[in-house]
DNA sequence: CTTGAACCTTACGTTCACGTAAGCTCTCAA
DNA sequence: TTGAGAGCTTACGTGAACGTAAGGTTCAAG
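Residue numbers (my numbering), protein chains in the order written: chain U, 1 to 155; chain W, 1001 to 1155.
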């Protein structure tokens, strides 16, 4: 147990660069688990793992540009991994169960990867286009500057 | 003049994969020009260039994940390019003016490129992370399968 | 010239992803 | 024990990005 539930919602928000409201909202829509199995009314408590999870959520949200609902689907992979780890800590795991969890995690990871690669490819194309346009503009600028003052340099 | 203003808003929407409402909205907030300098009340008309512009807007929106307001800023580059081309078609362009437009286009293109490259780098990191996780899951699966049936193969 | 489909403007409605306020409660250090 | 600061729930508010409906107009085909 590297980290006992020691973070309060405000700490978690600050560490992740977001707000408490957002965390509660994510919990409300099922994107995050119920902050430390607390009894309703008392304070939510989190640990390092929760922080990582939240950061992952924010990263995927910003990079993939998907809705929180779609993100929820995608994040089932993280849940599978978590379940796997917790079951794995005990030694009485049935291999069939273990194998099923692994396969689930694999499939979901593959879906994520495909999405990421598609977007990365699109972004690369965009980058190439922009770079080419920039090149053309540069050449025209040089052209002009040469025509104006055959012996000057930059902007 | 490759393309006279021949597309109606419905055609443009279909070709770009969006809706007429969206196009009107983009015009309303100044993201797109006033559909063919028409007199208010009559139909908007577009050409191939408008289609390209709209597609570029949609591409940047989806890939950069910026607000339409920020996008408007970024797209000033396209406007500079358009202005440049139209002034360039005449031959009486003052070099100073031309140079200024080119510099504007260059600076805005550079801003776009920086944004795109930052996101591309983030996406690459994400892809690497996911690939590594997937690799681990794969190895564990193989491990299990070997332990179960020393001579079988796949999923 | 007459349709009827597509378009026009205006304006209100909607969904998502939170922000904000109110009134109460929990926690922890003094 | 107590007080204040952070947290809790509930609920209404908000901005962005459109959707949708109403009532009138334009345009291309016949």
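Note that beta-carbon positions come from the ideal geometry of N, C-alpha and C, so glycine has one too.
Remember, it's a predicted structure, so these values are computed and weren't measured experimentally.
Self-check item: Beta-carbon proximity check, residue 63 of chain U vs residue 1126 of chain W, cutoff 8 Å
Solution: yes
Exercise. Can you tell me the Cβ-Cβ gap for residue 123 of chain U and residue 1110 of chain W, rounded? I've got them flagged as a contact below 8 Å.
Key: 17 Å between Cβ atoms; not a contact.
Quiz item: Start and end of the alpha helix (DSSP H) containing residue 58 of chain U?
Solution: 48-64
Exercise. Sort out for me which residues DSSP pairs residue 42 of chain U with in a bridge.
Key: U/40
Practice problem: Report, in whole angstroms, the separation of the C-beta atoms of residue 97 of chain U and residue 87 of chain U, which I expect to be a contact under 8 Å. | Solution: Between residue 97 of chain U and residue 87 of chain U a beta carbon distance of about 7 Å is seen, short of the 8 Å cut, so the two are scored as contacting.
Quiz item: CA-CA distance, residue 8 of chain U and residue 43 of chain U?
Solution: For residue 8 of chain U and residue 43 of chain U, the distance between alpha carbons rounds to 7 Å.
Quiz item: Between the C-alpha atoms of residue 94 of chain U and residue 31 of chain U, what's the straight-line distance to the nearest angstrom?
Solution: 29 Å
Quiz item: In its own chain, which residues sit with a C-beta less than 7 Å from the C-beta of residue 80 of chain U, not counting the 5 before and 5 after it?
Solution: If the five residues before and after residue 80 of chain U are omitted, its C-beta is found closer than 7 Å to the C-beta atoms of 101, 104, 105, 108, all from its own chain and listed in chain order.
Quiz item: Going along chain U in order, which residues have a C-beta closer than 9 Å to the C-beta of residue 1122 of chain W?
Solution: 59, 62, 63
Exercise. Check whether the Cβ atoms of residue 4 of chain U and residue 13 of chain U lie closer than 8 Å to each other.
Key: no
Self-check item: Closer than 8 Å to chain W by CB, residue 133 of chain U
Solution: Interface residue, yes.
Quiz item: From which residue to which residue does the alpha helix (DSSP H) around residue 1095 of chain W run?
Solution: 1095-1148
Exercise. Spell out a yes or no on whether the region 115-122 of chain U and the region 63-78 of chain U are touching, meaning 3 or more CB-CB pairs, one atom from each, closer than 8 Å.
Key: yes
Exercise. Select from W/1026, W/1018, W/1059, W/1046 the residue whose C-alpha is nearest the C-alpha of residue 1112 of chain W.
Key: The shortest C-alpha separation from residue 1112 of chain W is found at W/1059.
Exercise. Please confirm if residue 1072 of chain W has its CB atom under 8 Å from at least one CB of chain U.
Key: no
Quiz item: Do residue 99 of chain U and residue 78 of chain U have their C-beta atoms within less than 8 Å of each other?
Solution: No; because the gap between Cβ atoms is not below 8 Å, this pair is not in contact.
Quiz item: residue 112 of chain U versus chain W: which residues are under 8 Å apart at the beta carbon?
Solution: Within chain W, the residues near residue 112 of chain U are 1130.
Exercise. Report the neighbours of residue 1127 of chain W on chain U: residues whose CB is nearer than 9 Å to its CB, in chain order.
Key: 113, 116, 117, 120
Exercise. Would you mind telling me which residues of chain U sit closer than 7 Å to residue 1105 of chain W, beta carbon to beta carbon, in chain order?
Key: 137
Self-check item: Secondary structure of residue 14 of chain U, DSSP reduced to three states
Solution: helix
Quiz item: Of all the CB atoms in chain W, is at least one closer than 8 Å to the CB of residue 99 of chain U?
Solution: yes
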